[in-house]
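Residue numbers (numbering that gives the first Met the number 0), protein chains in the order written: chain A, 0 to 297; chain B, 0 to 289.
All C-beta atoms in this analysis are idealised placements derived from N, C-alpha and C, irrespective of residue type, glycine included.
Written below as structure tokens is the structure these notes are about.
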Amino acid sequence: MDSLIANLISPYYIKIFTLVGIYIIIALGLNFITGVTGQLSFGHAAFVSIGAYTAAILTTRLQLPFLASLLLGGLLAALVGILLGFPILRLTGDYLGIATLGFCEIVIVVFQNTEITGGTIGLSGIAKNTSLTLVFILVVITIWSMYRLQNSRFGRALLAIREDEIAAHVMGINTTAYKIQAFGIGTFFAGIGGGLYAHMIQYLNPTDFGFSRSFDYLTFVVLGGLGSIPGTVLGTTILTLAPEFLRFVDEYRMMIYGALMVTMMIFRPKGLLGGVDLAKAIHALKQKNKKNTLSGDA
Amino acid sequence: MFWQQLINGITLGSTYALIALGYTMVYGIIQLINFAHGEIYMIGAFVGVIAVAVFKINIFLALFMAMAVCIIIGVSVERIAYKPLRRSTRLAPLISAIGVSIFLQTLMTVLAGPQAVGFPQVVDDQLYHIGSVTVSKVQLIILILAGVMMIGLQLIVKYVKIGKAMRAASEDYDTASLMGINVNRVISFTFAIGSSLAAAGGVMVGMYFNSIHPLMGVMAGLKAFCAAVLGGIGSIPGAMLGGLFLGIAEVTGVAIGYGGYRDAIAFTLLILVLLFKPTGLLGRPIQRKV
Numbered sequence: 000m001d002s003l004i005a006n007l008i009s010p011y012y013i014k015i016f017t018l019v020g021i022y023i024i025i026a027l028g029l030n031f032i033t034g035v036t037g038q039l040s041f042g043h044a045a046f047v048s049i050g051a052y053t054a055a056i057l058t059t060r061l062q063l064p065f066l067a068s069l070l071l072g073g074l075l076a077a078l079v080g081i082l083l084g085f086p087i088l089r090l091t092g093d094y095l096g097i098a099t100l101g102f103c104e105i106v107i108v109v110f111q112n113t114e115i116t117g118g119t120i121g122l123s124g125i126a127k128n129t130s131l132t133l134v135f136i137l138v139v140i141t142i143w144s145m146y147r148l149q150n151s152r153f154g155r156a157l158l159a160i161r162e163d164e165i166a167a168h169v170m171g172i173n174t175t176a177y178k179i180q181a182f183g184i185g186t187f188f189a190g191i192g193g194g195l196y197a198h199m200i201q202y203l204n205p206t207d208f209g210f211s212r213s214f215d216y217l218t219f220v221v222l223g224g225l226g227s228i229p230g231t232v233l234g235t236t237i238l239t240l241a242p243e244f245l246r247f248v249d250e251y252r253m254m255i256y257g258a259l260m261v262t263m264m265i266f267r268p269k270g271l272l273g274g275v276d277l278a279k280a281i282h283a284l285k286q287k288n289k290k291n292t293l294s295g296d297a
Numbered sequence: 000m001f002w003q004q005l006i007n008g009i010t011l012g013s014t015y016a017l018i019a020l021g022y023t024m025v026y027g028i029i030q031l032i033n034f035a036h037g038e039i040y041m042i043g044a045f046v047g048v049i050a051v052a053v054f055k056i057n058i059f060l061a062l063f064m065a066m067a068v069c070i071i072i073g074v075s076v077e078r079i080a081y082k083p084l085r086r087s088t089r090l091a092p093l094i095s096a097i098g099v100s101i102f103l104q105t106l107m108t109v110l111a112g113p114q115a116v117g118f119p120q121v122v123d124d125q126l127y128h129i130g131s132v133t134v135s136k137v138q139l140i141i142l143i144l145a146g147v148m149m150i151g152l153q154l155i156v157k158y159v160k161i162g163k164a165m166r167a168a169s170e171d172y173d174t175a176s177l178m179g180i181n182v183n184r185v186i187s188f189t190f191a192i193g194s195s196l197a198a199a200g201g202v203m204v205g206m207y208f209n210s211i212h213p214l215m216g217v218m219a220g221l222k223a224f225c226a227a228v229l230g231g232i233g234s235i236p237g238a239m240l241g242g243l244f245l246g247i248a249e250v251t252g253v254a255i256g257y258g259g260y261r262d263a264i265a266f267t268l269l270i271l272v273l274l275f276k277p278t279g280l281l282g283r284p285i286q287r288k289v
């Protein structure tokens, strides 16, 4: 499949599109934590790095098959997320964000001082297993499961927690358990994305997963529209492609990128698709069409 | 040995405290984590270098110049990037702040180059011995300057009219504006004071470590921010206490052999303190309205 695509578009574009797909998976995980459940997390990159290192170490050292190590990377990231969630999710709002930011920096330092991860030199020699086709399939699976999760009883409970935690608690929702589960699910997708990233870039360095990377993911979600799945996909796509399109301005690239972030926030503070629900929009459109045909008949 | 580490820790900590004050005052009034604050500190250090190395200005005058430039930048950042977002969701100004931070970082990298720049030696390296403790002249200057600035800030906030307005606005933003306080002016003033303190911190760190870098604001900003949260964000004495505490903890951690974990010490402390005292050491409990 990939050789077929390679005939059509250049390897550079394949790489960019693969990256967009990986970021979509990661950003949807964060959207589940921050957008749906309303828990601010500045430490998403830490879970991406846990997934990336786990998958990379399992394939290079233990020769485990790629897909199995990908899954194990996701599961380990989720496990760490759940273990961290127990104490840390008691914090609310900005304080939770700050604590996760601290966790993110701690993870980097730990990876820098551990031997198995290659320390500050980084981990190289990872096989290139990630293909555009695989990423595409995984993106579709992620989007599908996110829709299923959001529109389930569980997802509606999470939305209730986002809107008013105390009210949700009084209505009989075990807020702590739900928040921890949501955190686990979000970090699982971060881990999967991390494993894919490791096997695409083929080199890992702890500093690639700093808090500024966490902010990148948060920006994807917020710019697209918090809690909106199509919004997250759109936001991620635009913001991943933007620096590539801006290459012609060379060294001013990131300056324009920063200015772009400010401008977009000023004009669309709720995000590009904030408050837009695609399923509802399609439903409304159908209703309208129905009405039109009815009035046409009469 | 212990006293020596304590002095080194306090010197480092007082620079953290100077930056932390900006975070804490801004958060106290508009509940915004101003992620561009670390970049203001970095620009302050660069203005200091340019003033001393290119224009051959006296270091104290250079300090004032850095503070003046950063006041202008800080206030304009607030006007352009935060003011239009005052009434929107919590995350929008945060993203805007990150955008500003990326912008300023890249701007400085383009202007000054990505490599570290040496800070010229402006203070002779005279050492003072007090008992078993050795204090360098630079350390003494930093301690005195930081002390004077913090006391000055306390006096402004306690006794000057605009300082009282700041306290009123941080207590209740809406009521303060109903009572005839020009909240926009108060916010501008807060950004001005915070930025000038950060700039002073930048010049002092340049003097102390003799080297500055376009990306130096990132880690220093994060640690200062930790200091602000540790002490209880929104509280001015809290930021000072948190800064000193972090500086001492970091120096001690390195001294007992955890040099590799230097950057993690601050964050580990932060998480531990937050778990036991969720609003920081001197923070007020969060009010939960039902």
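- Taking a beta-carbon distance threshold of 9 angstroms, residue 86 of chain A counts as an interface residue toward chain B.
- Annotation: Cβ neighbours of residue 218 of chain A in chain B (cutoff 7 angstroms, chain order): 94, 97.
- The three-state secondary structure of residue 58 of chain A, taken from DSSP, is helix.
- Counting only residues of its own chain and dropping the five nearest sequence neighbours on each side, residue 281 of chain B has a CB closer than 8 angstroms to the CB of 230, 231, 234, 236, 237, 240.
- Membership of residue 68 of chain A in any beta strand (DSSP E) is not indicated; the residue belongs instead to the alpha helix (DSSP H) covering 65-87.
- Residue 37 of chain B is positioned such that its CB atom lies no closer than 9 angstroms to that of residue 258 of chain A.
- For residue 132 of chain B, the enclosing beta strand (DSSP E) covers residues 132-135.
- Judged by DSSP in its simplified three-state form, residue 73 of chain B adopts helix.
- One alpha carbon belongs to residue 7 of chain B, the other to residue 221 of chain B, and they sit about 20 angstroms apart.
- By the 16-neighbour rule on beta-carbons within 10 angstroms, residue 140 of chain B is buried.
- A residue is called buried once 16 or more other Cβ atoms fall within 10 Å of its Cβ, and residue 47 of chain B is buried on that count.
- According to DSSP, residue 122 of chain A shares a beta bridge with A:203.
- Inclusion of residue 195 of chain A and residue 24 of chain A in the CB contact set at 9 angstroms is warranted, their separation being smaller than that value.
- Apart from the 5 residues on each side of it in sequence, residue 104 of chain B sits with its Cβ closer than 8 angstroms to the Cβ of 38, 41, 213, 214, 216, 217 in its chain, given in chain order.
- Using a CB distance cut-off of 9 angstroms, residue 183 of chain A does not count as an interface residue toward chain B.
- Judged by pairs of C-beta atoms under 8 angstroms, the stretch 154-168 of chain B does not touch the stretch 107-117 of chain B, as fewer than three such pairs exist.
- Of all residues in the stretch 251-266 of chain B, those with a C-beta nearer than 7 angstroms to a C-beta of chain A are 259, 260, 262, 263, 266, reading in chain order.
- Counting along the chain, residue 126 of chain B sits inside the beta strand (DSSP E) bounded by residues 126-129.
- Beta-bridge partners of residue 117 of chain B (DSSP): B:210.
- A direct Cα-Cα distance of roughly 22 angstroms separates residue 146 of chain A from residue 17 of chain A.
- Proximity to residue 144 of chain B across B:195, B:101, B:77 peaks at B:195, based on C-alpha coordinates.
- For residue 47 of chain B, the enclosing alpha helix (DSSP H) covers residues 36-48.
- Bounds of the alpha helix (DSSP H) holding residue 3 of chain B are 1-29.
- Within a 10 Å sphere around the beta-carbon of residue 128 of chain A sit 16 or more other beta-carbons, which makes this residue buried.
- Excluding its 5 nearest sequence neighbours in each direction, residue 91 of chain A has C-beta neighbours in its own chain below 8 angstroms: 164, listed in chain order.
- In the DSSP annotation of this structure, the continuous segment of the alpha helix (DSSP H) that includes residue 237 of chain A starts and ends at 228-244.
- Residue 206 of chain A counts as exposed, since fewer than 16 other C-beta atoms from the protein chains shown sit within 10 angstroms of its C-beta.
- Within chain A, the residues whose beta carbon sits less than 8 angstroms from that of residue 228 of chain B are 94, 97, listed in sequence order.
- Look at residue 149 of chain A here: in three-state DSSP terms it is helix.
- Judged by beta-carbon spacing, residue 15 of chain A lies beyond the 9 angstroms limit of residue 238 of chain A, meaning their Cβ atoms are not closer than that value.
- When Cβ-Cβ separations below 9 angstroms define contact, residue 158 of chain A makes no contact with chain B.
- Taking 9 angstroms as the cut-off, the beta carbon of residue 224 of chain A is found closer than this to the beta carbon of residue 271 of chain A.
- Your pair residue 22 of chain A and residue 247 of chain A does not check out as a contact, with CB atoms roughly 22 angstroms apart and the cut at 8 angstroms.
- DSSP places residue 222 of chain B inside the alpha helix (DSSP H), whose first and last residues are 215-230.
- The three-state secondary structure of residue 161 of chain A, taken from DSSP, is helix.
- Exposed is the label assigned to residue 159 of chain B, since fewer than 16 other Cβ atoms lie within 10 Å of its Cβ.
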